[in-house]
Structure formats: C-alpha cells, structure tokens
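Everything below concerns the one structure shown next.
Chains as they are written, first to last, in this note's numbering: chain A, 1 to 109; chain B, 1001 to 1115.
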C-alpha cells in the first residue's frame, strides 16, 4: 500500500505570515505530486503541481520537492483568512492519485 | 474553464436501495475516476476507467459497486445495495492524459447519506 503522510494539524498562523505544509511519500518511483485545497464539504481544488526536484512558485504559493528524501512541501506567503482550509498532498501512483489525510490550516486575522 | 459536473449534489437513500451517481467529465478527457471521502477521513480511490473498461479498482470497490459510461458523455457509479457505511462524499475526476502532466480535475461531489 503506497502511503502519503501529512501532519493533520491544525496549523495556526497569523494573517500575513508564511504557512509551511509538509508531506512525505513512500513510493520512491513516484514522479508527479500535487497540492489540493479543500474547504469543508467541498471538492479538492488543485493549487500546485510539481514534477522536478527544487522549487516551483505560483503567486503566493511555492511547492518544493526533494525526491531523494521523498518529501514535498507547500509554502503559502502572506497568508490570508481565506486560505483557511485543509491542504491535501497527492502523489500519482499507477495513474491514480493517492491522497494524504490533509493538514488543516487556520489563518488568524 | 471546463468543469466536471456531478449530479445529484445530495442523495438520501434507505439502506438496501440502489443508487446511481452521475458525472459528466470534461469532454476531451480520457481517464475517469471515482473517489470517496467519509466524513473526517481522507479522500480514497475507488476505481479508474479508461477506454470503456475498468483499469484499476481498490479493495473498497467490491461487487456492490459498478461503473459505466453509457453514452460517451456520462460516467456513472452504481451502488447496488447501499449500506450505512457507504455514506460519504463521492467525487468524480477526469484527466486528459495520464494525470502526471495535466493534473486531475474533480467534480463538486455527491453527498450520499444512507439511512
């Protein structure tokens, strides 16, 4: 069983701070990694994808990948109350997404 | 922006009844998926579908479940005899190629409540 592990949180940060979310995965052969945001009762919404080692930036979001350590992270700069949600790390394994349990992020105004 | 559409948004059914959840994937997508999320738990893979056949299914996807693409646009999940533990959000997803490049687009989900 291929696993994706995340700290469940909640992670609380003040408005304007950087939120750092982490994820580890067990399948060394995985090549594609995604971060989804999920608001309560809603479907997962894709916010970032990353395929190569290093950093990938998109607006306030930066995804980081280290395949040697089997580690993916998401940084959210200038956190806003509207960023409060559950962040799901997902890894492609055999052409399907395997999700972590998610990290709850709370941004306090 | 293209969407994956799911109907109904909510479904309440009695234990033992059959339910059909419907999805319209993005029109040029080739791979289709069903996932479920029990309240408070992680999003779990149920089944993947490509070229009019199941390509993979999870342990959850037992003989009570079936999928079909009846008309080239709809993609359905049937639960033959619902149990209380089938209560969950069910998400349909689709992707153009093998997901690695284009990502997976999720529908808004169907909340199934079995009473």
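The C-beta atom is built at its ideal place from N, Cα and C for all residues, glycine as well.
A quick note: this is a predicted structure, and the numbers were derived from the prediction, not measured.
Under the Cβ distance rule, residue 67 of chain A does not count among the residues neighbouring chain B, no pair being separated by less than 7 Å. Residue 1058 of chain B and residue 93 of chain A have their C-alpha atoms spaced approximately 13 Å apart. With a 10 Å radius around the Cβ and a threshold of 16 neighbouring Cβ atoms, residue 79 of chain A comes out buried.
When rounded, the separation of the alpha-carbon atoms in residue 1111 of chain B and residue 27 of chain A is 31 Å.
Of the candidates B:1089, B:1095 and B:1022, the residue whose Cα lies closest to the Cα of residue 1068 of chain B is B:1022.
For residue 81 of chain A, the three-state secondary structure derived from DSSP is helix. Taking CB atoms only, residue 1104 of chain B has a neighbour in chain A less than 7 Å away.
When Cβ-Cβ separations below 7 Å define contact, residue 99 of chain A makes contact with chain B. Residues of the same chain with a CB within less than 6 Å of the CB of residue 1048 of chain B, apart from the 5 flanking positions on each side, are 1033, 1055 and 1056 in chain order. Listed along chain A, no residue sits closer than 9 Å to residue 1065 of chain B by beta-carbon distance, the nearest being about 16 Å off.
The alpha-carbon separation between residue 1108 of chain B and residue 1076 of chain B amounts to approximately 15 Å. Closest option to residue 1028 of chain B, judged by alpha-carbon separation, among B:1073, B:1040, B:1079 and B:1087: B:1073.
In this structure, the straight-line span from the alpha carbon of residue 20 of chain A to that of residue 1080 of chain B is close to 43 Å. It is roughly 15 Å from the alpha-carbon of residue 86 of chain A to the alpha-carbon of residue 61 of chain A.
Under the three-state reduction of DSSP, residue 1084 of chain B is assigned to helix. Under the 10 Å beta carbon count, residue 39 of chain A is surrounded by fewer than 16 other beta carbons and is classified as exposed.
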